[in-house]
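Remarks on the structure that follows.
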Amino acid sequence: MTRLRSSEEGPSVGGQARRSPDEPASLGAAGATAFDAIHPPDPALIDKCVHCGFCLPSCPTYVLWGEEMDSPRGRIYLMKAALEGRTEMTPAFVSHFDACLGCMGCVTSCPSGVQYAPLIEATRAQIERRHPRSLADRLFRGAIFALFPFPGRLRIALMPLAIWQMATGRNREDRKERGAEKNVPLRSQRAPRFLPGVAALFARVRAALSLAPEVTWASLFSSIPARTPAVGAPRLTVGLLTGCVQRLVFPRVNEATVNVLSAEGCDVLAPPGQGCCGALALHAGRRDEARAFARRTIEVFERAGVERIAVNAAGCGSSMKEYGQLLADDPAWAARAVAFSARVRDVTEIVSELGAPRAARHPLTLRVAYHDACHLAHAQGVRQPPRDLLRSIPGVEILPFAEQEICCGSAGIYNLVEPETARELGDRKAGHIDAVNPDVIATANPGCTLQMRAAAARLGRSRRIRHPIEILDASIRNVDLQ
Ligand code: SF4
Ligand code: SF4
Numbered sequence: 299m300t301r302l303r304s305s306e307e308g309p310s311v312g313g314q315a316r317r318s319p320d321e322p323a324s325l326g327a328a329g330a331t332a333f334d335a336i337h338p339p340d341p342a343l344i345d346k347c348v349h350c351g352f353c354l355p356s357c358p359t360y361v362l363w364g365e366e367m368d369s370p371r372g373r374i375y376l377m378k379a380a381l382e383g384r385t386e387m388t389p390a391f392v393s394h395f396d397a398c399l400g401c402m403g404c405v406t407s408c409p410s411g412v413q414y415a416p417l418i419e420a421t422r423a424q425i426e427r428r429h430p431r432s433l434a435d436r437l438f439r440g441a442i443f444a445l446f447p448f449p450g451r452l453r454i455a456l457m458p459l460a461i462w463q464m465a466t467g468r469n470r471e472d473r474k475e476r477g478a479e480k481n482v483p484l485r486s487q488r489a490p491r492f493l494p495g496v497a498a499l500f501a502r503v504r505a506a507l508s509l510a511p512e513v514t515w516a517s518l519f520s521s522i523p524a525r526t527p528a529v530g531a532p533r534l535t536v537g538l539l540t541g542c543v544q545r546l547v548f549p550r551v552n553e554a555t556v557n558v559l560s561a562e563g564c565d566v567l568a569p570p571g572q573g574c575c576g577a578l579a580l581h582a583g584r585r586d587e588a589r590a591f592a593r594r595t596i597e598v599f600e601r602a603g604v605e606r607i608a609v610n611a612a613g614c615g616s617s618m619k620e621y622g623q624l625l626a627d628d629p630a631w632a633a634r635a636v637a638f639s640a641r642v643r644d645v646t647e648i649v650s651e652l653g654a655p656r657a658a659r660h661p662l663t664l665r666v667a668y669h670d671a672c673h674l675a676h677a678q679g680v681r682q683p684p685r686d687l688l689r690s691i692p693g694v695e696i697l698p699f700a701e702q703e704i705c706c707g708s709a710g711i712y713n714l715v716e717p718e719t720a721r722e723l724g725d726r727k728a729g730h731i732d733a734v735n736p737d738v739i740a741t742a743n744p745g746c747t748l749q750m751r752a753a754a755a756r757l758g759r760s761r762r763i764r765h766p767i768e769i770l771d772a773s774i775r776n777v778d779l780q
């Protein structure tokens, strides 16, 4: 989508883009306000920001553009201005929040403990309710949210892709060889210049095609047993979130999760009836949808009676750990949500919590570039468990590379709705990883996997990208990593 730069906004919000947040400013007509009274960002959280700017170098959009209003500090300043009625919800105001990846890099680097997640989620909810988007934008976003959180619909939508890939034998390797994804600007010259909305839609569709996963009939119809018993005496009963994209596109990750947890002494349940956890909706400001998905997820796992809920997709885990906040004002669900969130763990955290390994690790000679998914490292603070898991495998070497804290540009639906910025960040990440030439890239989020696969293909590389749990599974089963 075309971003309004500061200079296009005139003297209100955009006029402040290069101004220090400490300077007094008139951001809009007196009395005008961008936010209404329904769950606006919490002023107490905003006031924790002391404008120190330590977060700026960790913010991908500030790193790319150097614009104050596209930094965490600038965005928090805009929220405050909106709360105080000093700005309206102009297109430029919205563009600064649309450009935010929600990566939470700023949370990690903030010495004052500013909780940016509830701030951006509340702001996005206001934008979704109050900002009239173009018809093309609404249709595109509507299609995403009518499809991705519903595995049944997504399966049907992916069937033509699976048939086409099987019929033609075409996959990303072919695309790499044809160079089809290299050096083609997303804002295609072929799109009519007099129809900017169409050009933006064209760019989004092109981005979606470049990110298209490799799917097979088997992957679309694979399933996980409802109960897999522990090997040996049970140590823990774990419920597995099978995910929406994960179960259809990366079913091997779910299989590996079950294999490893079972081998380590867990009874693993995959409760039937589970659907979307609401992560995409929550991160996009669709609060009511997110709350409905959260209630259903809580109900399903309560019925299963598990001690832990294992998640192998970082974005999902981060949202499920937030259910307590998401449902805090719902008397019927608040306590259940808190109890549920307390049981949610990334699968690497569960492996770490189990302590001394029960299953033998067999050697795998692999140089691994471990990419921190933002919603695991920044949002959940989970950095060490995946690294420990990999280091427990004899022969695995973890390679450091540049800018590990910076987002790869995937960020939920970001690489679909902000394709140019996402592509720039993806290319940057792929370049840094390429510099260390790993045997395999490891990451714990399906969105990151698709994003980095597309970026590697543009570089002319066909990289193996695997979840850390797949690598551990191969080690335990004493087979080569596929
Ligand atoms: S969430 Fe990420 S993109 Fe958004 S302000 Fe924070 S660091 Fe920047
Ligand atoms: S580091 Fe924290 S306190 Fe400092 S400007 Fe950024 S958000 Fe505000």
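Going left to right, the sequence shown walks through residues 299 to 780 as the numbering used here numbers them.
For every residue, glycine included, the Cβ atom is placed at its ideal position computed from N, Cα and C.
Residue i bridges to which residues according to DSSP?
{"i": "GLU695", "result": "ARG665"}
{"i": "ASP644", "result": "VAL609"}
{"i": "VAL636", "result": "In the DSSP output, where bridge partners are listed per residue, VAL636 has none listed."}
{"i": "THR406", "result": "DSSP lists no partner for THR406."}
{"i": "ARG384", "result": "BP columns for ARG384 are empty, so no partner."}
{"i": "VAL536", "result": "VAL566, ARG606"}
{"i": "THR421", "result": "THR421 is not bridged to any residue."}
{"i": "THR526", "result": "VAL566"}
Helix, strand or coil for residue i? Go by DSSP, reduced to three states.
{"i": "GLY758", "result": "coil"}
{"i": "ASP565", "result": "strand"}
{"i": "VAL738", "result": "strand"}
{"i": "LEU509", "result": "coil"}
{"i": "ARG439", "result": "helix"}
{"i": "LEU779", "result": "coil"}
{"i": "LEU452", "result": "helix"}
{"i": "ILE596", "result": "helix"}
{"i": "ARG764", "result": "strand"}
{"i": "ILE711", "result": "coil"}
{"i": "GLY326", "result": "Any reading at GLY326 is ruled out, since the residue's pLDDT is 44, under 50, leaving its predicted position unreliable."}
{"i": "LYS290", "result": "There is no way to answer for residue 290, as the model of the chain reaches only from 299 to 780."}
{"i": "LYS346", "result": "coil"}
Can you tell me the Cα-Cα spacing of residue i and residue j, whole angstroms?
{"i": "ARG751", "j": "ALA728", "result": "9 Å"}
{"i": "GLU695", "j": "PRO338", "result": "46 Å"}
{"i": "ALA455", "j": "ARG759", "result": "28 Å"}
{"i": "ALA630", "j": "VAL636", "result": "12 Å"}
{"i": "LEU625", "j": "GLU600", "result": "16 Å"}
{"i": "GLU366", "j": "GLN463", "result": "44 Å"}
{"i": "THR663", "j": "ARG533", "result": "30 Å"}
{"i": "GLU553", "j": "THR359", "result": "36 Å"}
{"i": "LEU452", "j": "VAL551", "result": "18 Å"}
{"i": "ASP565", "j": "CYS353", "result": "42 Å"}
{"i": "ILE704", "j": "ASP368", "result": "15 Å"}
{"i": "CYS404", "j": "TYR712", "result": "17 Å"}
{"i": "ALA390", "j": "ARG641", "result": "40 Å"}
{"i": "LEU580", "j": "PHE548", "result": "23 Å"}
{"i": "CYS614", "j": "CYS574", "result": "9 Å"}
{"i": "PHE500", "j": "LEU507", "result": "11 Å"}
{"i": "VAL361", "j": "PRO355", "result": "6 Å"}
{"i": "ILE522", "j": "TRP515", "result": "16 Å"}
{"i": "PRO570", "j": "PRO744", "result": "21 Å"}
{"i": "ASP725", "j": "ARG762", "result": "16 Å"}
{"i": "ALA460", "j": "TRP363", "result": "38 Å"}
{"i": "ALA700", "j": "HIS730", "result": "6 Å"}
{"i": "GLY693", "j": "ILE607", "result": "30 Å"}
On a Cα-Cα basis, can you pick out the residue from the options that is closest to residue i?
{"i": "GLU718", "options": "ARG502, ASP686, HIS429, GLY372", "result": "ARG502"}
{"i": "SER410", "options": "GLU562, ALA588, VAL348", "result": "VAL348"}
{"i": "ASN610", "options": "THR747, GLY571, SER690", "result": "THR747"}
{"i": "GLU587", "options": "ARG371, PRO447, ILE739", "result": "PRO447"}
{"i": "CYS672", "options": "ALA441, ALA568, GLY400", "result": "GLY400"}
{"i": "ALA612", "options": "ALA592, GLN544, ARG585, PRO661", "result": "GLN544"}
{"i": "GLN678", "options": "ALA654, ARG726, ILE731, LYS619", "result": "LYS619"}
{"i": "ALA380", "options": "ALA516, ALA524, ALA667, ASP334", "result": "ASP334"}
{"i": "GLY707", "options": "ALA579, PRO341, SER650, ALA505", "result": "ALA505"}
{"i": "THR646", "options": "ASP345, ILE767, GLY467", "result": "ILE767"}
{"i": "GLU722", "options": "ALA420, GLN749, GLN702, ASP732", "result": "GLN749"}
{"i": "GLU651", "options": "GLY563, GLY576, PRO692, VAL598", "result": "GLY563"}
{"i": "THR741", "options": "ALA675, ALA720, ARG756", "result": "ALA675"}
{"i": "LEU687", "options": "CYS357, VAL666, ILE418, PHE443", "result": "VAL666"}
{"i": "ALA657", "options": "VAL392, CYS398, ALA561, ALA528", "result": "ALA561"}
{"i": "GLN413", "options": "PRO569, GLY530, GLN623, THR540", "result": "GLN623"}
{"i": "LEU779", "options": "ALA441, ILE691, GLN682", "result": "ILE691"}
{"i": "GLY440", "options": "ALA590, SER616, LEU578", "result": "LEU578"}
{"i": "ILE596", "options": "GLY576, GLY583, ARG584", "result": "GLY576"}
{"i": "LEU538", "options": "ARG593, TRP515, ASP644", "result": "ASP644"}
{"i": "THR555", "options": "VAL392, CYS408, VAL536, THR421", "result": "VAL536"}
{"i": "PRO655", "options": "GLY364, ALA632, LEU559", "result": "LEU559"}
### Query
Near ligand 1, which residues have their beta-carbon less than 6 Å from any of its heavy atoms, given in chain order?
SER356, CYS357, PRO358, THR359, PRO370, ARG373, CYS398, LEU399, GLY400, CYS401, MET402, GLY403, CYS404, TYR414
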